[in-house]
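Residue numbers (the numbering used here): 30 to 193.
We treat Cβ as the ideally placed atom computed from N, Cα and C, and that holds for glycine.
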Amino acid sequence: MTAEKTRDQIADQIAAELGHSFDGEIIAGGHYVPLVRDGRTIYLSGQVPRVGTTVVVTGRVGDAVSLDKAREGAQISTLRSLALLRRALGSLDAVEKVLRVGVFVQCTADFTQQSEVADAASDLLHRVFGDAGVHVRTAVGVYALPKNATVEVEMTVAAKQNIG
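1) Any idea what DSSP makes of residue 190, helix, strand or coil?
2) Please state the DSSP three-state secondary structure of residue 151.
3) What are the boundary residues of the alpha helix (DSSP H) that includes residue 42?
4) Quick one: residues in its chain with C-beta nearer than 8 Å to the C-beta of residue 165, no 5 flanking neighbours on either side, listed in chain order?
5) Are the CB atoms of residue 73 and residue 110 nearer to each other than 8 Å?
6) For residue 179, count the other beta carbons within 10 Å of its own beta carbon; 16 or more makes it buried, fewer makes it exposed. Which is it?
7) Verify whether the separation of the beta carbon atoms of residue 107 and residue 174 is less than 8 Å.
8) My guess is that residue 124 and residue 147 are in contact by the Cβ rule of under 8 Å, so how many angstroms apart are they, rounded?
9) Are the beta-carbon atoms belonging to residue 86 and residue 49 less than 8 Å from one another?
10) Given that a residue counts as buried once 16 or more other Cβ atoms are within 10 Å of its Cβ, and exposed if not, what is residue 38?
11) Is it right to say residue 54 is buried, meaning 16 or more other beta carbons lie within 10 angstroms of its own, or is it exposed?
12) Could you tell me if residue 186 is buried or exposed, where buried requires 16 or more neighbouring beta carbons within 10 angstroms of its beta carbon?
13) What is the DSSP secondary structure of residue 145, reduced to helix, strand or coil?
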């Protein structure tokens, strides 16, 4: 009988499936921090689909970017958030519940599939956390995002223990 995979292993597997690694430093691009902890609640800043120093999914969905590519961007952005959580908590197994996810999609005026882009982030979170990854969500279309990123994902989670 094989042992169940940890949440960390599942996240690493998804990253490998996408052909990326999030082992390196994740740098904030200004005078803010990537996450703030308040007791058991952790607020994560919006993450764009950046791997290393390169935003790997750029442009407007409905124009130069396909729905599938935008969904990949949402997955990469979500994996960045999980990498930040892992560093803060030591393991994704320390997450009790994903509470809220916000997904911003740079898109054309007639693009209406923001929720399908956001589904990629939600599906990834469910794959990693199971029922603890089911959350409330907002998916919004916007004119522009930092660094011409196609998508930006922010989230709020609860940790299993008070972390300060």
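This is what the structure gives:
1) Counted from its first residue, the sequence shown places residue 190 at position 161. Three-state result, residue 190: coil.
2) The count along the sequence shown starts at 1 and reaches residue 151 at position 122. Here residue 151 sits in helix by DSSP.
3) Position 13 of the sequence shown, counted from the first residue, corresponds to residue 42. It spans 36 to 47 - the alpha helix (DSSP H) in which residue 42 sits, taken as one unbroken run.
4) Against the sequence shown, residue 165 aligns to sequence position 136. Closer than 8 Å at Cβ, skipping near neighbours: 128, 129 and 130.
5) Along the sequence shown, read from residue 1 onward, the residue named residue 73 stands at position 44. Along the sequence shown, read from residue 1 onward, the residue named residue 110 stands at position 81. In contact: residue 73 and residue 110 (Cβ atoms closer than 8 Å).
6) Along the sequence shown, one-based indexing puts residue 179 at 150. Buried is the call here.
7) The sequence position of residue 107 within the sequence shown is 78, counting from 1. The sequence position of residue 174 within the sequence shown is 145, counting from 1. Taking 8 Å as the Cβ cut-off, residue 107 and residue 174 do not qualify as a contacting pair.
8) Position 95 of the sequence shown, counted from the start, is the residue given in the question as residue 124. Position 118 of the sequence shown, counted from the start, is the residue given in the question as residue 147. That belief does not hold up - the Cβ atoms of residue 124 and residue 147 are roughly 19 Å apart, past 8 Å.
9) Within the sequence shown, the letter at position 57 stands for residue 86. Within the sequence shown, the letter at position 20 stands for residue 49. Taking 8 Å as the Cβ cut-off, residue 86 and residue 49 do not qualify as a contacting pair.
10) Counting from one through the sequence shown, the residue named residue 38 turns up at place 9. Result: exposed.
11) Working through the sequence shown from its first residue, we reach residue 54 at position 25. Flag for residue 54 reads exposed.
12) Position 157 of the sequence shown, counting from 1, holds the residue named residue 186. When all chains shown are included, residue 186 counts as buried.
13) By one-based count along the sequence shown, residue 145 stands at place 116. Three-state DSSP puts residue 145 in a helix.
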